[in-house]
Amino acid sequence: MIYKDLRGFIKQVEGLGALRHIEGADPHFEIGGITEVAAGTPECPAILFDRIKGFSPGFRVFTNATTTPQRAALALGIDPALQPLDALKAWMAKRQTLKAQPPVPLKDAPFMENSFTGKNVDMRALPAPYWHRKDGGPYIGSGSLVIMRDPDGGWINASIYRVQVHGENKVTIQFDHQGRHGAVIARKYWAKGEACPVAVVNGEDPALFIAGFEYLPDGQSEYDFAGSIKGAPIEVMAGPITGLPLPAQAEIILEGELLPPERGTLPEGPFGEFTGYYAAEARPSPVMQVTAIHHRNDPILLGSPPMKPPRFHFGLPFRAASMWSNLEMAGVSDVVGVWQHVAQLMTVIAIRQRYAGHAKRAALIAAANSYMGRLVVVVDDDVDPSNLADVMWAVTTRCEPSEQIDIVRNAWSSALDPRIPLADKDSGITSHSKAIIEAVKPFAWKDKYPPTSALGQHEMREIERKWGDVIRGRTVR
Ligand SMILES: Cc1cc2nc3c(=O)[nH]c(=O)nc-3n(C[C@H](O)[C@H](O)[C@H](O)COP(=O)(O)O)c2cc1C
Ligand SMILES: [Mn+2]
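So for the sequence shown, the numbering used here puts the first residue at 4; every next one is plus one.
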């Protein structure tokens, strides 16, 4: 059964033995620090913080929600027992057949259990952590959804943009670039001299968290996508202030308006990025005037701070699943796996080589679609692309650098890229180069390549079945 809401998901995580409870942590860098250390351990547990220093007991923060393949699968409604690459393949297949499920309106919602408006709005009651040491302030939104209605089409956009707290009734919303749907929609209101009605949803259903990260076309609502992940529509209630449809089961919701920049901006950031670096100093950002806070009893904030790779928000590389579909749609056959490492910065494609040039064809398509990634590696089908050690074994034993590495220049990156010189960024350059590494047996003589001495998958599983417990010291024979 798929979970009903964030609380239901947390129960399922607990059922997997993957939840830790921590009391008494400090929201100044300690919650962030604990989250980062936990995400660096092999178990990478999810954490529910309660009795947070300086805040009312019951006001909780939940982190590392979907950071393992197992919990990412759980959030997608896919069997969490699947091997990571099989889970990603199952998601790719499911994603292709998803049918939009528009949300259903309710008259009441749990988020109205506590509701504050006007003078009673005080952001400081909510445990927004200072996540990383040099951050410019506390962030309530590190994994929160920003809801807006397109004034032309009327459709609802619901995507993740970070939200910094600036005092009792002001927050800022940061768009990485002006093409974000949120930025496009806000500018439409501003152009008419109006403020943009907006809501920030904190502690949302994990399906909404995933939908909020998807690149969906203009006019397509993330709500409908999340409903299709769950196989049931998201329940919404019209916000009393904005009239925007708000997820009924969400934990904490802010309503208000995003003011035109002429009415003032606030310095936003800096904020640690998913690359493991800071990208810029504080910059002026549009301000959301918060006119209402609604929250459930004992609310839970979903926190998803960016962290130094390989830590990443999602334990399954969702963008690799889209690349896999793109490769298939472009007619590249025999792709047996696509994976991303280093928080999406490295892409690996595994193929069963059928013809000369097959590997490069796949790599060029993946390189074109690889956001900020400098490395694209192609491996043969006996190499597991999700296993970095296996991939590097292929790189070091099948790739002759003078023949099998290519460089594509002036390709897709972003201003978040730490290696683009500052002077270039100042002149508007945000592209970089990408290396394509063909870590495959050369096609012309692949059948004469020295055979591997390693066990095959099947043999490995047999040994594991018969001797695994002894090897791991769990039983004596
Ligand atoms: C945890 C997390 C934080 C993110 N933070 C931001 C952000 O601060 N600004 C931004 O523009 N995109 C951010 N993104 C990426 C966008 O959510 C993502 O690209 C989304 O597809 C944009 O949706 P849109 O096409 O509706 O604008 C974040 C993604 C995740 C998963
Ligand atoms: Mn969108």
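Don't be surprised by glycine CBs; every beta carbon is placed ideally from N, CA and C.
Note that the structure is predicted; figures quoted are calculated from it, not measured.
Looking at M126 and V290, is the spacing between their C-beta atoms short of 8 Å? Your numbering for residue 290 matches position 287 in the sequence shown. Your numbering for residue 126 matches position 123 in the sequence shown. Not a contact, by the Cβ cut-off of 8 Å.
Assign T399 to one of three DSSP states: helix, strand, or coil. The count along the sequence shown starts at 1 and reaches residue 399 at position 396. In the structure shown, T399 sits in a helix (DSSP, three-state: H, G or I).
Q. Distance, Cα to Cα, F228 vs A438?
A. For this step, residue 228 is matched to residue 225 along the sequence shown. For this step, residue 438 is matched to residue 435 along the sequence shown. The alpha-carbon atoms of F228 and A438 are separated by roughly 34 Å.
Span separating the alpha-carbon of A194 from that of M375:
As a working note, residue 194 is residue 191 in the sequence shown. As a working note, residue 375 is residue 372 in the sequence shown. If you take the alpha carbons of A194 and M375, they lie about 32 Å apart.
query = If we ignore side chains and look at the alpha-carbon of each, how far apart do R357 and T66 end up?
reply = Position 354 of the sequence shown, counted from the start, is the residue given in the question as residue 357. Position 63 of the sequence shown, counted from the start, is the residue given in the question as residue 66. When rounded, the distance between both Cα atoms is 44 Å.
Return yes when at least one heavy atom of ligand 2 lies under 7 Å from the C-beta of L219, else no.
On the sequence shown, position 216 is the one that residue 219 refers to. It does: the Cβ of L219 is within 7 Å (strictly closer) of some heavy atom of ligand 2.
- Query: Does the distance from the C-beta atom of M95 to that of W327 stay below 8 Å?
  - Reply: Stepping through the sequence shown from its first residue, residue 95 is reached at position 92. Stepping through the sequence shown from its first residue, residue 327 is reached at position 324. The answer is yes: Cβ separation under 8 Å.
- Task: Between the Cα of A49 and those of H316, H297 and R464, spot the shortest distance and give me the residue it belongs to.
- Result: Translated into positions along the sequence shown, residue 49 becomes position 46. For the residues H316, H297 and R464, the minimum Cα distance to A49 belongs to H316.
| request: Mind checking which residues open and close the beta strand (DSSP E) that includes T175? | output: Working through the sequence shown from its first residue, we reach residue 175 at position 172. Per DSSP, T175 belongs to the beta strand (DSSP E) from K173 to Q177.
- Query: By a C-beta neighbour count over all protein chains shown, 10 Å radius and 16 as the cutoff for buried, is Y6 buried or exposed?
  - Reply: As a first step, residue 6 is located in the sequence shown; it is residue number 3 there, counting from the start. By the C-beta density criterion, Y6 is buried, having at least 16 other C-beta atoms within 10 angstroms.
P319 - partner residues in DSSP beta bridges: Residue numbering aside, residue 319 sits at position 316 when the sequence shown is read from its first letter. The question names Pro, yet the displayed sequence has Leu at residue 319. None, per the DSSP bridge assignment.
| Residue ranges of each beta strand (DSSP E) within the segment 105 to 186, 3 or longer | 117 to 120, 142 to 144, 148 to 152, 159 to 163, 165 to 168 and 173 to 177
request  = Report yes if the CB atom of A365 is closer than 8 Å to the CB atom of L330, and no otherwise.
outcome  = Residue mapping note: residue 365 aligns to position 362 of the sequence shown, counting from 1. Residue mapping note: residue 330 aligns to position 327 of the sequence shown, counting from 1. Cβ atoms of A365 and L330: closer than 8 Å.
How far does the beta strand (DSSP E) with R63 in it reach, from first residue to last? Translated into positions along the sequence shown, residue 63 becomes position 60. Segment R63 to T66, the beta strand (DSSP E) holding R63.
- Taking 7 Å as the line, does the beta carbon of G146 fall inside it for any heavy atom of ligand 1? The residue you call residue 146 lines up with position 143 of the sequence shown. Yes.
Among the candidates N117, V381 and K191, whose CA atom is the shortest distance from the CA of F62? In the sequence shown, counting from the first residue as 1, residue 62 sits at position 59. Closest by alpha carbon: N117.
- Message: Among the candidates A397, D429 and N413, whose CA atom is the shortest distance from the CA of P454?
- Response: Translated into the one-based positions of the sequence shown, residue 454 becomes position 451. Checking every option, the nearest Cα to that of P454 belongs to A397.
Tell me P200's beta-bridge partners as DSSP assigns them. Position 197 of the sequence shown holds residue 200. Bridge partners of P200: E260.
- What are the start and end residues of the alpha helix (DSSP H) that includes T100? If you number the sequence shown from 1, residue 100 lands on position 97. Here the alpha helix (DSSP H) through T100 covers P87 to T100.
Segment limits, beta strand (DSSP E) that includes S405:
Counted from its first residue, the sequence shown places residue 405 at position 402. Where S405 is concerned, there is no enclosing beta strand (DSSP E), although the alpha helix (DSSP H) it sits in stretches over P404 to Q407.
In terms of residue numbering, what span does the beta strand (DSSP E) encompassing M349 cover? The residue labelled residue 349 in the question sits at position 346 within the sequence shown. Per DSSP, M349 belongs to the beta strand (DSSP E) from M349 to I354.
Practice problem: Look at the alpha carbon of G306 and the alpha carbon of S389, and state the distance between them as a whole number of angstroms. | Solution: Numbered from its first residue, the sequence shown carries residue 306 at position 303. Numbered from its first residue, the sequence shown carries residue 389 at position 386. Each residue's Cα considered, the two are about 26 Å apart.
* Asked: What span of residues does the beta strand (DSSP E) with P250 cover, start to end?
  -> Residue mapping note: residue 250 aligns to position 247 of the sequence shown, counting from 1. DSSP places P250 inside the beta strand (DSSP E), whose first and last residues are P248 to P250.
Q. What are the partner residues of G275, as DSSP defines its beta bridges?
A. Locating residue 275 in the sequence shown gives position 272, where the first residue counts as 1. According to DSSP, G275 bridges with Y281.
Item to check | Where the alpha helix (DSSP H) through S231 begins and ends | outcome: Taking the first residue of the sequence shown as 1, we reach residue 231 at position 228. Residues E225 to K233.
Are the beta-carbon atoms of L247 and I150 separated by less than 8 Å? In the sequence shown, counting from the first residue as 1, residue 247 sits at position 244. In the sequence shown, counting from the first residue as 1, residue 150 sits at position 147. Yes, they are a contact pair.
Per DSSP, T268 is paired with what?
Here the question's residue 268 lines up with position 265 in the sequence shown. T268 is bridged to P289.
Among A323, V339, A359 and A68, which one has its Cα closest to the Cα of Y218? Against the sequence shown, residue 218 aligns to sequence position 215. Considering only alpha carbons, the answer is A323.
Beta strand (DSSP E) runs wholly inside the segment 18 to 80, at least 3 long, in chain order:
22 to 26, 49 to 53 and 63 to 66
Fill in: Rounded straight-line distance, which links the Cα of Q460 to that of M240
Along the sequence shown, one-based indexing puts residue 240 at 237. Along the sequence shown, one-based indexing puts residue 460 at 457. Roughly 51 Å separates the two Cα atoms.
Cβ separation of L261 and V201, assumed to be a contact under 8 Å, to the nearest whole Å: Mapped onto the sequence shown, residue 261 falls at position 258. Mapped onto the sequence shown, residue 201 falls at position 198. The pair is a contact, with the Cβ atoms about 5 Å apart (cut-off 8 Å).
Q) So T70 packs on R314, CB below 8 Å; how close in whole Å? A) Looking up residue 70 in the sequence shown gives position 67. Looking up residue 314 in the sequence shown gives position 311. Between the beta-carbon of T70 and that of R314 there is about 7 Å, and that keeps the pair under the 8 Å contact cut.
Q: Between the Cα of D337 and those of D427, M349, P105 and A362, spot the shortest distance and give me the residue it belongs to.
A: Counting from one through the sequence shown, the residue named residue 337 turns up at place 334. Among D427, M349, P105 and A362, the Cα nearest to that of D337 is on A362.
_What does the alpha-carbon distance come out to for the pair K14 and K110?_
Looking up residue 14 in the sequence shown gives position 11. Looking up residue 110 in the sequence shown gives position 107. Computed Cα separation, rounded: 27 Å.
Is N160 close to ligand 2? I mean its beta-carbon at under 7 Å from any heavy atom of the ligand. Position 157 of the sequence shown holds residue 160. Annotation for N160 indicates a beta carbon within 7 Å of some heavy atom of ligand 2.
*Look up S325 in the DSSP assignment and say whether it is helix, strand or coil.*
As a working note, residue 325 is residue 322 in the sequence shown. DSSP places S325 in helix when its eight states are reduced to three.
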